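*Asks:* Chains as they are written, first to last, in our numbering: chain A, 1 to 227; chain B, 1001 to 1154. Even glycine gets a Cβ: it sits at the ideal position worked out from N, Cα and C. All of these numbers come straight from a predicted model, not from anything done at the bench. Sharing a structure, written as structure tokens. Questions coming.
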Amino acid sequence: MSLFAAVAEPAFVVPTMLLDISFLALLVVVAFAIVRMRSLFGIVMLQGVYSLVSACWFVSLDAVDVAFTEAAVGAGVSTVLMLSAMLLADRKSTPVPMRRQVGALAVVVLAGMAMLYAVGDMSAYGDVHSAANSYVGMDYIAKTAEEIKIPNVVTAVLASYRGYDTFGETVVIFSAGLGVLLLLGLNGNSGRWVARPNGQMLNDHAAPSAGLATDNRSEEQRAEPDQ
Amino acid sequence: MSDPTQTFGRDPHVLLRVIAKFLIPLIALFAFYVQFHGDYGPGGGFQAGVILAASVILYALVFGLKAAKRAFPPSLIRYGMTLGVLLYGGTGVLSWFMGGEFLNYSVLAHDASHGQHYGILAVELGVLTTVTTVMIAIFYAFGSRQPETSDEDW
Chain A
1 MSLFAAVAEP AFVVPTMLLD ISFLALLVVV AFAIVRMRSL FGIVMLQGVY SLVSACWFVS
61 LDAVDVAFTE AAVGAGVSTV LMLSAMLLAD RKSTPVPMRR QVGALAVVVL AGMAMLYAVG
121 DMSAYGDVHS AANSYVGMDY IAKTAEEIKI PNVVTAVLAS YRGYDTFGET VVIFSAGLGV
181 LLLLGLNGNS GRWVARPNGQ MLNDHAAPSA GLATDNRSEE QRAEPDQ
Chain B
1001 MSDPTQTFGR DPHVLLRVIA KFLIPLIALF AFYVQFHGDY GPGGGFQAGV ILAASVILYA
1061 LVFGLKAAKR AFPPSLIRYG MTLGVLLYGG TGVLSWFMGG EFLNYSVLAH DASHGQHYGI
1121 LAVELGVLTT VTTVMIAIFY AFGSRQPETS DEDW
């Protein structure tokens, strides 16, 4: 809210705030471009652009750790993962007829109104008395220097004070990897499995389902069963 | 593409390959800088893990999945994923056995702040291992499912 107030009163406009506003405007432009685009390749690239612009915005907000993560994960790895997932699907999304979008529009409008309503309860930008700037947060900043003795308070909070949360996050990443490996696998055993139900031996060629599944491996991969 | 001397003249990606060969070690080195400098500057296990995985993924994108799987064997993945979580949880259990609460690193050394240093180092190493291997695992899992894309396919 104070963002708008500061713009209305030019005396309080600081250069970084102008930077913030231009980054946010860019984010809106990119978001609209993503919505209007049909080519999935372009959408994935624009999502990378979106992450990079928001990383720039985080830097301008002095949240370098978050910016770092956003640039590495959002603009780097997730773009590549989206690309490799896109290769399994079509290159273009099919347009959805207007009448089927009414429900989605209603949900978006309702959620947007709820968020606008919640903005009133948000503490002002840079408010010293906001919840994040009082209570336990101040404690962490005051005590890190004597208890943990490392200069980066973010690392102290992340790894020590909030070690449980980070442990949970690590387990979440582990389960994400586990889920992908269980669903997709690494093609490690494709074509080489053997089952022995009731004394008879079954393998990939002798199984009742042989030939039903299409083999989507390349010639190169088929030639090398070790993959 | 398999024999570089044969395809050198016709390879449209020769610039990309040369630049990538130069960049990939630097990216991996930067990942370790981010990992071990996390106490002093921005960064930590998560970011370092993603950057380290990105160096392997870049290698796979430029030189092919087969070469990447030789450099980072898929068999490492299941060990790395689990070892990272076990290292994190194990640090917590160790601090348990040494008389503190779960994940209270102060008891890991005689000096409380030294204990915190060791604890944070171990925990971040666990995060690095899990994040790196999971990111590479997801990429391998998606990448192995389709034949290599030809240049015209884009």
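1. Assuming F174(A) contacts V1123(B) under a Cβ cut-off of 8 Å, what Cβ separation, rounded to an integer in Å, is found between them?
2. Which partner residues of K149(A) appear in the DSSP bridge assignment?
3. How many Å lie between Q227(A) and V157(A) at the Cα?
4. Do G1090(B) and L1103(B) count as a contact pair if the criterion is CB distance below 8 Å?
5. Can you list, in chain order, the residues of its chain whose CB lies under 7 Å from that of M1144(B), leaving out five sequence neighbours each side?
6. Alpha carbon to alpha carbon, how far is I148(A) from G74(A)? Give it in angstroms, no decimals.
7. So V80(A) and A1141(B) are supposed to be a Cβ contact under 8 Å. How far apart are they, rounded?
8. Terminal residues of the continuous alpha helix (DSSP H) containing S60(A)?
9. So I1138(B) contacts chain A; which residues on that side make the cut at Cβ distance below 7 Å?
10. Between the segment 1066-1073 of chain B and the segment 1034-1052 of chain B, do three or more beta carbon pairs fall short of 8 Å?
11. Can you tell me which of the three DSSP states A213(A) falls into?
12. For a contact meaning CB atoms closer than 8 Å, what does S93(A) contact in chain B?
13. Among residues of its own chain, excluding the 5 on either side of I1024(B), which ones have a beta-carbon nearer than 8 Å to its beta-carbon?
14. If you draw a straight line from the alpha carbon of A1031(B) to that of F1046(B), how long is it in whole angstroms?
15. Within 8 Å (strictly less), CB to CB, does Q1035(B) reach chain A?
16. Roughly how many whole angstroms lie between the Cα atoms of L1086(B) and T1129(B)?
17. Please report whether the beta-carbon of T1038(B) lies at a distance below 8 Å from any beta-carbon of chain A.
18. So, using beta-carbon positions, are L40(A) and S93(A) closer together than 8 Å?
19. Cα separation between V153(A) and T144(A)?
20. Leaving out the 5 sequence neighbours to the left and right, which residues in its chain are closer than 6 Å to Y1035(B) when beta-carbon positions are compared?
21. Take the Cβ of Q1116(B) as the centre, count every other Cβ of all protein chains shown within 10 Å, and call the residue buried at 16 or more, exposed below.
*Replies:* On the basis of the coordinates in this document:
1. Incorrect: roughly 14 Å between the Cβ atoms, too far for contact.
2. K149(A) pairs with nothing; no bridge assigned.
3. Residue confidence for Q227(A) is low, a pLDDT of 40 falling below 50, so the modelled location carries little weight and cannot support an answer.
4. no
5. First, the amino acid is wrong: residue 1144(B) is Ser here, not Met. Excluding residues within five positions, the ones whose Cβ falls inside 7 Å are L1065.
6. 31 Å
7. The Cβ separation is near 13 Å, so there is no contact.
8. L40 to S60
9. L81, G177 and V180
10. no
11. Because A213(A) carries a pLDDT of 49, less than 50, the predicted location of this residue cannot be relied on, and the following value inherits that uncertainty. A213(A) falls in the coil class under three-state DSSP.
12. Under the 8 Å cutoff, chain B gives no residues; its nearest Cβ is about 17 Å from S93(A).
13. S1055, L1058 and Y1059
14. 10 Å
15. no
16. 10 Å
17. Residue identity check: residue 1038(B) is Gly in the sequence provided, not Thr. Yes, G1038(B) lies at the interface with chain A (some Cβ there is under 8 Å from its Cβ).
18. yes
19. 6 Å
20. Residue identity check: residue 1035(B) is Gln in the sequence provided, not Tyr. Around Q1035(B): A1048 and L1128.
21. buried
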